[in-house]
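Trainee:
In this note's numbering, the protein residues as written are 1071 to 1406.
#1: Does the segment 1098-1111 come close enough to the segment 1267-1286 to have 3 or more Cβ pairs within less than 8 Å?
#2: Ignoring anything shorter than 4 residues or poking outside the segment 1275-1330, list the alpha helix (DSSP H) runs there in chain order.
#3: Would you tell me roughly how many angstroms separate the C-alpha atoms of residue 1079 and residue 1145, rounded to the nearest one?
#4: For my contact list, residue 1098 and residue 1137 are in at a C-beta cut-off of 8 Å; report their separation, rounded to the angstrom.
#5: Nearest by alpha-carbon distance to residue 1322: which of 1222, 1265 and 1210 is it?
#6: Is it true that the segment 1389-1405 meets the segment 1259-1274, where meeting means three or more beta-carbon pairs spaced less than 8 Å apart?
#7: Let's see if you can read the secondary structure: which residues bound the alpha helix (DSSP H) around residue 1267?
#8: Quick check on this structure: which residue in 1203, 1232 and 1249 has the alpha carbon closest to the alpha carbon of residue 1168?
#9: For residue 1095, I'd like the list of residues in its chain whose CB is within less than 6 Å of its CB, leaving aside the five on either flank, ordered along the chain.
#10: Using only CA atoms, which one of 1186, 1111 and 1370 lies nearest to residue 1299?
#11: Quick one: measure Cβ to Cβ for residue 1301 and residue 1174, integer angstroms, because I've assumed they're closer than 8 Å.
#12: Is DSSP giving residue 1220 helix, strand or coil here?
#13: Take residue 1176 and list the residues in its own chain whose beta-carbon comes closer than 7 Å to its own, dropping the five residues that flank it on each side.
#14: With a cut-off of 8 Å on the beta carbons, I'd call residue 1303 and residue 1214 a contact; round off their distance for me.
#15: Measuring only the C-alpha atoms, how far is residue 1367 from residue 1225?
#16: At 3 residues or longer, what runs of the beta strand (DSSP E) sit wholly inside the segment 1351-1391?
#17: Indicate the three-state DSSP secondary structure (helix, strand or coil) for residue 1201 in the structure shown.
#18: Got a sec? Which residues, its chain only, sit under 8 Å from residue 1359 by beta carbon, not counting five neighbours each side?
#19: Whole angstroms are fine: how far does the CA of residue 1285 sit from the CA of residue 1339?
#20: Count the other CB atoms, across all protein chains shown, that sit within 10 Å of the CB of residue 1193; report buried if there are 16 or more and exposed otherwise.
#21: Near residue 1381, which residues of its chain fall below 7 Å by C-beta distance, leaving aside the five closest residues on each side in sequence?
#22: First and last residue of the beta strand (DSSP E) that includes residue 1408?
#23: Pull up the CB-CB distance for residue 1147 and residue 1206, whole angstroms please, since I reckon it's below 8 Å.
#24: Taking Cβ positions, are residue 1341 and residue 1109 nearer each other than 7 Å?
#25: Could you have a look at residue 1394 and say whether DSSP puts it in helix, strand or coil?
#26: Excluding the 5 residues preceding and the 5 following residue 1356 in the sequence, name in chain order all residues of the same chain whose CB lies nearer than 8 Å to its CB.
#27: Could you tell me the distance, in whole angstroms, from the CA atom of residue 1363 to the CA atom of residue 1231?
#28: Please report the straight-line C-alpha distance between residue 1353 and residue 1337, rounded to a whole angstrom.
#29: Using a Cβ-Cβ cut-off of 6 Å (strictly less than) and excluding sequence neighbours within five positions of residue 1087, which residues of its own chain qualify?
#30: On the DSSP bridge assignment, give the partners of residue 1239 in chain order.
#31: So what does DSSP say about residue 1151, is it helix, strand or coil?
#32: Using a Cβ-Cβ cutoff of less than 7 Å, which residues in the same chain neighbour residue 1160 once the five nearest sequence positions on both sides are dropped?
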């Protein structure tokens, strides 16, 4: 892949741009260096872009929350502290409510389908408009495989098992999903899950295997489902509009091309890692189980109500949530 990208860059990028840095980007994120957002997303994007344009772009890179934590990434890009960040959609639901559709349960069967559906949706005026309103340009997205339930208090195998549980949530539509199952959501940033679970503040979390590994949370969990579909979490790597407007058109195109490559590679990686990480966790003592079919019907039925609740809440704000959901559901169904 890198050879192909490099060849494209040599053909498409003017020599003057390859010769000296035309663009400097301050890239910031709040995830650990080993986390999939960093190791599978942000860093490969920078590498892809360098393969295409060479020295035409340089980076000032601040990973791991050095300049902004997860919840502060949108503010960091809007204030000019950062030029480019992966915006965690769940932590920006107050400013990008319609984009929360990408996190609803039951809409995708894999990272690939989740990423492709969201990539298509981001081109619609309803979702892209929320980025424009906030002064940022979406470049590429990362959507995890369907979330599973990870517990430090034994397996959660039935609808009734959720009753009274305190479950970590990333906010937004994930709160609705947890509430629909009779549990209580506790909004906690991903970087704080380990401490919250260690202290007993929460006894479970909805997450993907690759994300759990990134924060070391598997060390505290004794059980995890393998066949649930509890929604997902999405990040959209974005560039500040004011910065974008100064970037030459050839380099803009290269940034988008590098992003498309990341969407493909990270989807393949995360879908492939799900089974291998499940085996690794099981070998270390975690009980990996399938929720029984009859209980899965009950759980998925309760989660379906989240769609209605999400639409109704946003409709009260006069937002076109139903049409956004219908279009997103159609796109996701076409990819499954």
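Glycine included, each C-beta is placed from N, C-alpha and C at the ideal position.
Just so you know, these numbers come straight off a predicted model, no measurement behind them.
Mentor: With the structure as the only source:
#1: Result yes; three or more Cβ-Cβ pairs closer than 8 Å.
#2: Within the segment 1275-1330, the complete alpha helix (DSSP H) runs of at least 4 residues are 1279-1285 and 1311-1314.
#3: Here residue 1079 is taken as the residue at index 9 of the chain shown, counted from 1. Here residue 1145 is taken as the residue at index 75 of the chain shown, counted from 1. Low confidence applies here, because residue 1079 scores a pLDDT of 45, under 50, leaving its location unreliable; read the following figure in that light. In a straight line, the C-alpha of residue 1079 is about 33 Å away from that of residue 1145.
#4: Counting from 1 along the chain shown, the entry for residue 1098 is found at position 28. Counting from 1 along the chain shown, the entry for residue 1137 is found at position 67. 5 Å between Cβ atoms; contact.
#5: Position 252 of the chain shown, counted from the first residue, corresponds to residue 1322. It is 1210 whose Cα lies nearest to the Cα of residue 1322.
#6: Proximity of the segment 1389-1405 to the segment 1259-1274 falls short of the contact definition, fewer than three beta-carbon pairs being nearer than 8 Å.
#7: As a working note, residue 1267 is residue 197 in the chain shown. 1263-1269 is the span of the alpha helix (DSSP H), which, as asked, contains residue 1267.
#8: On the chain shown, residue 1168 is found 98 positions in, with the first residue counted as 1. Nearest option by C-alpha distance: 1203.
#9: For the purposes of this step, residue 1095 is taken as residue 25 along the chain shown, with counting starting at 1. Closer than 6 Å at Cβ, skipping near neighbours: 1129, 1153 and 1154.
#10: By 1-based counting over the chain shown, the position of residue 1299 is 229. Considering only alpha carbons, the answer is 1370.
#11: Within the chain shown, numbered from 1, the residue matching residue 1301 stands at position 231. Within the chain shown, numbered from 1, the residue matching residue 1174 stands at position 104. Yes, they are in contact, since the Cβ atoms of residue 1301 and residue 1174 sit about 6 Å apart, within 8 Å.
#12: Taking the first residue of the chain shown as 1, we reach residue 1220 at position 150. Residue 1220 falls in the strand class under three-state DSSP.
#13: By one-based count along the chain shown, residue 1176 stands at place 106. Within the same chain, residue 1176 has close Cβ partners 1299, 1370, 1373 and 1374.
#14: Start at 1 with the first residue of the chain shown, and residue 1303 comes out as number 233. Start at 1 with the first residue of the chain shown, and residue 1214 comes out as number 144. Their Cβ separation, rounded to whole angstroms, is 6 Å, which keeps residue 1303 and residue 1214 in contact under 8 Å.
#15: Here residue 1367 corresponds to residue number 297 of the chain shown, with the count starting at 1. Here residue 1225 corresponds to residue number 155 of the chain shown, with the count starting at 1. Linking residue 1367 to residue 1225 through their CA atoms gives a straight-line distance of about 17 Å.
#16: Complete beta strand (DSSP E) runs here, min 3: 1357-1359.
#17: Counting from 1 along the chain shown, the entry for residue 1201 is found at position 131. Here residue 1201 carries a helix assignment [DSSP, helix/strand/coil].
#18: Within the chain shown, the letter at position 289 stands for residue 1359. Closer than 8 Å at the Cβ level, and outside the excluded window around residue 1359, lie 1225, 1227, 1293, 1294, 1295 and 1296.
#19: Within the chain shown, numbered from 1, the residue matching residue 1339 stands at position 269. Within the chain shown, numbered from 1, the residue matching residue 1285 stands at position 215. Between the alpha carbons of residue 1339 and residue 1285 lies a gap of roughly 17 Å.
#20: Taking the chain shown and counting its residues from 1, one reaches residue 1193 at position 123. Looking at its Cβ environment, which holds fewer than 16 other Cβ atoms inside 10 Å, residue 1193 is exposed.
#21: Your numbering for residue 1381 matches position 311 in the chain shown. So the list reads 1391, 1392 and 1395, once near-sequence residues are dropped.
#22: The structure shown does not extend to residue 1408, since the chain is modelled only from 1071 through 1406, so no value can be given for it.
#23: As a first step, residue 1147 must be located in the chain shown, where it is residue number 77. As a first step, residue 1206 must be located in the chain shown, where it is residue number 136. About 6 Å; that satisfies the 8 Å criterion.
#24: Here residue 1341 refers to the residue found at position 271 of the chain shown. Here residue 1109 refers to the residue found at position 39 of the chain shown. Contact: no.
#25: Along the chain shown, one-based indexing puts residue 1394 at 324. Shown here, residue 1394 sits in a helix according to DSSP, grouped into three states.
#26: Residue numbering aside, residue 1356 sits at position 286 when the chain shown is read from its first letter. Here the set comprises 1288, 1291, 1292, 1293 and 1294.
#27: Along the chain shown, one-based indexing puts residue 1363 at 293. Along the chain shown, one-based indexing puts residue 1231 at 161. Whole-angstrom Cα-Cα distance: 15 Å.
#28: Position 283 of the chain shown, counting from 1, holds the residue named residue 1353. Position 267 of the chain shown, counting from 1, holds the residue named residue 1337. Straight-line Cα distance between these residues: approximately 25 Å.
#29: The residue labelled residue 1087 in the question sits at position 17 within the chain shown. The pLDDT assigned to residue 1087 is 48, lower than 50, so where the model puts this residue is not dependable; a value taken from the coordinates is nonetheless given after this. So the list reads 1126, once near-sequence residues are dropped.
#30: For this step, residue 1239 is matched to residue 169 along the chain shown. Residue 1239 is bridged to 1257.
#31: To locate residue 1151, count along the chain shown from 1; it is residue 81. Residue state, collapsed to three classes: coil.
#32: For the purposes of this step, residue 1160 is identified with residue 90 of the chain shown, where counting begins at 1. Cβ neighbours of residue 1160 beyond the five flanking positions: 1173, 1240, 1241, 1242, 1244 and 1303.
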